[in-house]
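Novice: Each residue of the sequence shown is one higher than the last, beginning at 1 in full-length UniProt numbering.
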Amino acid sequence: MAVEANSATGGESRSSTDVAVMPQSKETWNLKQAVINISRRPGIFVAFISTFLFALQAICIKLLSGYVSPIEIVALRYFVMGTCCLIMNIYKHIELRPASIPELKFFLFRPFVGLTTIICQFYAYQNMRVADATAIFYANPAATCVLACIFLKEALHCLDLLLVFLAIAGVTIVARPQFLFRSENDEVTASGSPLAVCVAIVGCVFLAGSNVYVRSGNHLRIHPYKITFYHAYLNCAIAVVIVTVLSHWTVPCLVDKLILSCIGLLSFFSECTYVYALTVESSILVSTILTNEVVFIFILQTTILNVSIDWLSVIGAVTIVSSSLLISQKSLVPLQCYDKCPYLRKPQVTDV
Numbered sequence: 001m002a003v004e005a006n007s008a009t010g011g012e013s014r015s016s017t018d019v020a021v022m023p024q025s026k027e028t029w030n031l032k033q034a035v036i037n038i039s040r041r042p043g044i045f046v047a048f049i050s051t052f053l054f055a056l057q058a059i060c061i062k063l064l065s066g067y068v069s070p071i072e073i074v075a076l077r078y079f080v081m082g083t084c085c086l087i088m089n090i091y092k093h094i095e096l097r098p099a100s101i102p103e104l105k106f107f108l109f110r111p112f113v114g115l116t117t118i119i120c121q122f123y124a125y126q127n128m129r130v131a132d133a134t135a136i137f138y139a140n141p142a143a144t145c146v147l148a149c150i151f152l153k154e155a156l157h158c159l160d161l162l163l164v165f166l167a168i169a170g171v172t173i174v175a176r177p178q179f180l181f182r183s184e185n186d187e188v189t190a191s192g193s194p195l196a197v198c199v200a201i202v203g204c205v206f207l208a209g210s211n212v213y214v215r216s217g218n219h220l221r222i223h224p225y226k227i228t229f230y231h232a233y234l235n236c237a238i239a240v241v242i243v244t245v246l247s248h249w250t251v252p253c254l255v256d257k258l259i260l261s262c263i264g265l266l267s268f269f270s271e272c273t274y275v276y277a278l279t280v281e282s283s284i285l286v287s288t289i290l291t292n293e294v295v296f297i298f299i300l301q302t303t304i305l306n307v308s309i310d311w312l313s314v315i316g317a318v319t320i321v322s323s324s325l326l327i328s329q330k331s332l333v334p335l336q337c338y339d340k341c342p343y344l345r346k347p348q349v350t351d352v
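1. Residues in the same chain with beta-carbon distance under 7 Å from threonine 17, minus the five sequence neighbours each way, listed in chain order, please.
2. May I have a chain-ordered list of the alpha helix (DSSP H) segments no shorter than 4 residues that lie completely inside the UniProt domain "EamA" (42 to 174)?
3. Using DSSP with H/G/I as helix, E/B as strand and the rest coil, what is cysteine 193?
4. In terms of residues, what are the limits of the alpha helix (DSSP H) holding asparagine 235?
5. Tell me whether the beta-carbon of leucine 166 lies closer than 8 Å to the beta-carbon of serine 323.
6. What three-state label does DSSP hand isoleucine 304 in the structure shown?
7. Would DSSP call isoleucine 309 helix, strand or coil?
8. Could you have a look at proline 342 and say whether DSSP puts it in helix, strand or coil?
9. Candidates Lys153, Tyr213 and Phe229: which alpha carbon is nearest asparagine 89's?
10. Return the chain-ordered list of same chain residues with a C-beta closer than 8 Å to the C-beta of phenylalanine 268, the five sequence neighbours on each side being excluded.
11. In this structure, how does DSSP classify glutamate 271 when only helix, strand and coil are distinguished?
12. Give me the residue from Gly66, His231, Ile320 and Arg40 with the minimum Cα distance to valine 294.
13. Quick one: using the 10 Å Cβ neighbour count with 16 as the cut-off for buried, is lysine 99 buried or exposed?
14. Under 8 Å by Cβ, that's how I've got proline 111 and leucine 234 pegged, so tell me the actual separation to the nearest angstrom.
15. Do aspartate 132 and serine 261 have their CB atoms nearer than 8 Å?
16. Enumerate in chain order the residues of its own chain whose CB-to-CB distance from leucine 161 is below 6 Å, with the five nearest sequence positions on each side excluded.
17. Can you look up valine 21 in the DSSP assignment and give me helix, strand or coil?
18. Do you know offhand how far alanine 58's Cα is from tyrosine 213's?
19. Closest to asparagine 304 by CA distance: which of Pro42, Phe48, Ile44 and Leu63 is it?
20. Please confirm if the region 66 to 79 is in contact with the region 121 to 131, defined as three or more CB-CB distances below 8 Å between the two stretches.
21. Give the single residue among Leu325, Leu207, Cys145 and Ala143 whose Cα lies nearest to the Cα of leucine 290.
22. How big is the Cα-Cα spacing for threonine 302 and phenylalanine 296?
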């Protein structure tokens, strides 16, 4: 009887303790758990900060439209970015001299592709809606798949081709060419001038080519700060030569100087936060978070630039981002799935 009484009282005490420990509501517990999870994985929070900084940089470039040429913005941006990166290289005691001839060739060729990409990107930002230009550039994973199959001999499956066509469909919806979409104005499409749309597509292809080229040079084991240093200063030198030959130098006013300085600082901090996020989180997760840049730009261009939302552009952007996400998530398929899916090619493992 005493044992039963003790068990009964023990049961009552446990139930009362459970009632005291339980949270007030399920929603409150989920919010606290989400905060705890984010605090344990700071890379996710830093990746969102990097995404917002990239979007804010695009809006700043749009604010200089008609006042400063895109190539001049590129030159000043890379100068500020290279100076900040030089300070980081000195602080980290990184040897700046190329270690080998292949490394020197890598440094000399990459700025050509990178500079073409960034000039096309800035020109598209200034001559069409920022969100539409960003959506077109986010089709680069599809172009990367095709170029990697051609130059790196990587496998290209039926699902990859389907996602590539999905990205092309999204770009078509955003660009809205005249031969598919009738408009009252024959000079300008819904997104911007036809030249700006073509430049954005060319920049997307060059961005994919840059990704493939960097991937092909992974065996060189070059420090990211060293790559960024050479990339920034060589691009700055080339951009200065182009602006001088074209006589596009301007004397910006005080406000434009502040915006140019903000673009350089935003470029540096966005790259630093992006690199940090990649060091603590998986590249698939970081690239997935970066697709939210389109969402941030839609919000910023509506609030800052007073640009009305075009829902057809939203549909095209969602299509492109979905294609990019699916292409990125394919690498999360575990190796065990290759035995169950006969249409997937199992990677070959060789002993060295």
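No residue lacks a Cβ here, since even glycine has one placed at the ideal position from N, Cα and C.
Specialist: Walking through what the data contain:
1. Reliability of the predicted coordinates at threonine 17 is poor, the pLDDT of 46 falling under 50, and the value obtained from them is presented with this limitation in mind. Hits under 7 Å: none found.
2. 42 to 63, 70 to 92, 101 to 127, 130 to 137 and 140 to 151
3. Note that residue 193 corresponds to serine in the displayed sequence, not to cysteine. Three-state result, serine 193: coil.
4. 224 to 246
5. yes
6. coil
7. coil
8. Because the pLDDT at proline 342 is just 43, under 50, the model does not fix this residue reliably, and the value given afterwards should be weighed accordingly. Coil at proline 342, not helix or strand.
9. Phe229
10. Val80, Met81, Cys84 and Cys85
11. helix
12. Ile320
13. Before going on, a small fix: residue 99 reads as alanine here, not lysine. Alanine 99 should be labelled exposed.
14. 4 Å
15. no
16. none
17. Caution is warranted here: a pLDDT of 48 is assigned to valine 21, below 50, making its placement in the model unreliable, and the coordinate value is therefore given only provisionally. Three-state result, valine 21: helix.
18. 25 Å
19. It should be noted that the sequence gives isoleucine, not asparagine, for residue 304. The residue with the shortest Cα to Cα distance from isoleucine 304 is Leu63.
20. yes
21. Leu325
22. 10 Å
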